[in-house]
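Worksheet: one structure, shown below.
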Amino acid sequence: LGEMNDTVTCVCLCEGCDDATKEAVAEAMMPVAEEAFNAAKASGCEAGMLFFTATETSDVVYQLRMSCELGEPTGVPQLVILDIPDSGAYYVFDGENISTENIQMFIEDYDEERLERRELQEDEEGEGEGEGQ
2 LGEMNDTVTC VCLCEGCDDA TKEAVAEAMM PVAEEAFNAA KASGCEAGML
52 FFTATETSDV VYQLRMSCEL GEPTGVPQLV ILDIPDSGAY YVFDGENIST
102 ENIQMFIEDY DEERLERREL QEDEEGEGEG EGQ
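The numbering used here applies: residue 2 is where the sequence shown begins, and numbers increase by one.
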(Lines of atoms letter the chains of each structure in order from A; the text may use other names.)
(Lines give C-alpha, C1' and ligand atoms only; values in the text may rest on other atoms or scores of the structure.)
Protein backbone atom coordinates (compact mmCIF):
# COMPACT_ATOMS: atom_id res chain seq x y z
CA LEU A 2 0.00 0.00 0.00
CA GLY A 3 3.00 2.27 -0.31
CA GLU A 4 1.46 3.64 -3.51
CA MET A 5 -0.97 5.64 -1.35
CA ASN A 6 1.92 7.91 -0.39
CA ASP A 7 2.45 8.89 -4.04
CA THR A 8 -1.00 8.67 -5.64
CA VAL A 9 -4.45 9.99 -4.77
CA THR A 10 -6.41 7.05 -3.35
CA CYS A 11 -10.11 6.45 -2.85
CA VAL A 12 -10.58 4.14 0.14
CA CYS A 13 -13.74 2.55 1.46
CA LEU A 14 -13.38 1.40 5.05
CA CYS A 15 -15.93 -1.31 5.78
CA GLU A 16 -14.12 -3.69 8.09
CA GLY A 17 -16.87 -3.37 10.73
CA CYS A 18 -19.66 -4.12 8.27
CA ASP A 19 -21.47 -7.39 7.65
CA ASP A 20 -20.47 -9.54 4.66
CA ALA A 21 -23.39 -8.36 2.50
CA THR A 22 -22.39 -4.70 3.00
CA LYS A 23 -18.72 -5.46 2.28
CA GLU A 24 -19.72 -7.18 -0.97
CA ALA A 25 -22.07 -4.35 -1.97
CA VAL A 26 -19.38 -1.73 -1.34
CA ALA A 27 -16.78 -3.67 -3.33
CA GLU A 28 -19.29 -4.04 -6.19
CA ALA A 29 -20.05 -0.30 -6.08
CA MET A 30 -16.35 0.60 -6.18
CA MET A 31 -15.42 -1.75 -9.07
CA PRO A 32 -17.00 0.16 -12.01
CA VAL A 33 -15.46 3.42 -10.81
CA ALA A 34 -12.01 1.83 -10.48
CA GLU A 35 -12.31 0.11 -13.87
CA GLU A 36 -13.34 3.37 -15.54
CA ALA A 37 -10.34 5.20 -14.03
CA PHE A 38 -7.97 2.37 -14.98
CA ASN A 39 -9.28 2.18 -18.56
CA ALA A 40 -9.08 5.97 -18.99
CA ALA A 41 -5.48 5.97 -17.77
CA LYS A 42 -4.60 3.02 -20.00
CA ALA A 43 -6.20 4.68 -23.05
CA SER A 44 -4.24 7.88 -22.45
CA GLY A 45 -0.98 5.99 -21.89
CA CYS A 46 -0.62 7.43 -18.39
CA GLU A 47 -0.48 5.88 -14.97
CA ALA A 48 -3.73 5.83 -13.05
CA GLY A 49 -4.47 9.22 -11.50
CA MET A 50 -6.30 7.58 -8.62
CA LEU A 51 -6.01 4.26 -6.83
CA PHE A 52 -8.97 2.41 -5.30
CA PHE A 53 -8.92 0.30 -2.17
CA THR A 54 -11.61 -1.42 -0.12
CA ALA A 55 -10.65 -2.30 3.47
CA THR A 56 -12.75 -5.30 4.51
CA GLU A 57 -10.52 -6.44 7.36
CA THR A 58 -8.61 -4.70 10.12
CA SER A 59 -4.85 -4.38 9.62
CA ASP A 60 -2.09 -2.12 10.90
CA VAL A 61 -2.38 0.04 7.75
CA VAL A 62 -6.16 0.33 8.03
CA TYR A 63 -5.96 1.12 11.74
CA GLN A 64 -3.34 3.82 11.10
CA LEU A 65 -5.49 5.27 8.33
CA ARG A 66 -8.52 5.44 10.64
CA MET A 67 -6.52 7.16 13.37
CA SER A 68 -4.78 9.59 11.00
CA CYS A 69 -8.11 10.57 9.42
CA GLU A 70 -9.84 10.76 12.80
CA LEU A 71 -12.52 8.28 11.71
CA GLY A 72 -12.73 6.36 14.98
CA GLU A 73 -13.36 2.67 15.40
CA PRO A 74 -15.01 0.58 12.65
CA THR A 75 -18.80 0.48 12.73
CA GLY A 76 -21.48 -1.25 10.69
CA VAL A 77 -21.56 1.79 8.38
CA PRO A 78 -18.94 2.01 5.60
CA GLN A 79 -16.82 5.16 5.35
CA LEU A 80 -15.42 6.59 2.12
CA VAL A 81 -12.26 8.70 2.08
CA ILE A 82 -10.07 10.23 -0.61
CA LEU A 83 -6.44 10.43 0.46
CA ASP A 84 -4.21 12.97 -1.25
CA ILE A 85 -1.05 12.38 0.76
CA PRO A 86 1.20 14.07 -1.84
CA ASP A 87 -0.77 17.28 -1.15
CA SER A 88 0.62 17.78 2.37
CA GLY A 89 -1.35 14.85 3.76
CA ALA A 90 -4.76 16.05 2.57
CA TYR A 91 -7.83 13.88 2.89
CA TYR A 92 -11.55 14.22 2.24
CA VAL A 93 -14.40 12.31 3.92
CA PHE A 94 -17.65 11.36 2.19
CA ASP A 95 -20.58 12.84 4.08
CA GLY A 96 -23.13 10.08 3.76
CA GLU A 97 -23.84 6.44 4.40
CA ASN A 98 -24.96 5.21 0.97
CA ILE A 99 -21.78 4.04 -0.78
CA SER A 100 -23.16 3.45 -4.28
CA THR A 101 -21.34 3.62 -7.61
CA GLU A 102 -23.10 6.93 -8.35
CA ASN A 103 -22.18 8.42 -4.97
CA ILE A 104 -18.55 7.35 -5.35
CA GLN A 105 -18.46 8.97 -8.78
CA MET A 106 -20.02 12.18 -7.42
CA PHE A 107 -17.59 12.21 -4.48
CA ILE A 108 -14.64 11.95 -6.88
CA GLU A 109 -16.14 14.63 -9.13
CA ASP A 110 -16.55 16.92 -6.10
CA TYR A 111 -12.90 16.21 -5.21
CA ASP A 112 -11.78 17.03 -8.76
CA GLU A 113 -13.79 20.27 -8.69
CA GLU A 114 -12.40 21.19 -5.23
CA ARG A 115 -15.87 21.24 -3.65
CA LEU A 116 -14.94 19.11 -0.62
CA GLU A 117 -13.72 20.12 2.83
CA ARG A 118 -9.95 19.63 2.89
CA ARG A 119 -8.52 18.07 6.04
CA GLU A 120 -4.97 17.09 6.91
CA LEU A 121 -3.78 13.77 8.27
CA GLN A 122 -2.94 13.76 11.95
CA GLU A 123 0.52 12.54 12.86
CA ASP A 124 0.43 9.67 15.32
CA GLU A 125 3.65 10.51 17.15
CA GLU A 126 3.64 14.30 16.97
CA GLY A 127 1.14 16.73 18.38
CA GLU A 128 0.24 20.07 16.91
CA GLY A 129 3.49 21.61 15.74
CA GLU A 130 4.61 24.96 17.09
CA GLY A 131 6.68 25.98 14.06
CA GLU A 132 6.05 26.08 10.37
CA GLY A 133 6.99 22.91 8.50
CA GLN A 134 8.63 22.74 5.11
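We put the beta carbon where it would ideally sit given N, CA and C, even for glycine.
Model, not experiment: these values are computed from the prediction.
Item	Value
Distance between S44 and L80 (C-alpha atoms, nearest Å)	27 Å
Residue closest to L145, alpha-carbon to alpha-carbon, out of K42, N6, A34, Y91	Here the chain covers residues 2 to 134 and nothing more, so residue 145 does not appear.
Where P86 falls, given that 16 or more other Cβ within 10 Å makes a residue buried	exposed
Boundaries (first-last residue) of the beta strand (DSSP E) holding T10	9-14
Residue of V12, F52, M106, P74 minimising C-alpha distance to E35	F52
C-beta atoms of E123 and E57 nearer than 8 Å	no
Proximal residues to T54 (C-beta, below 8 Å), its chain only, five neighbours per side dropped	V12, C13, C15, K23, V26, A27, M30
Rounded straight-line distance, which links the Cα of E47 to that of N39	10 Å
F52: first and last residue of the uninterrupted beta strand (DSSP E) it sits in	50-55
Extent of the continuous alpha helix (DSSP H) to which I104 belongs	101-112
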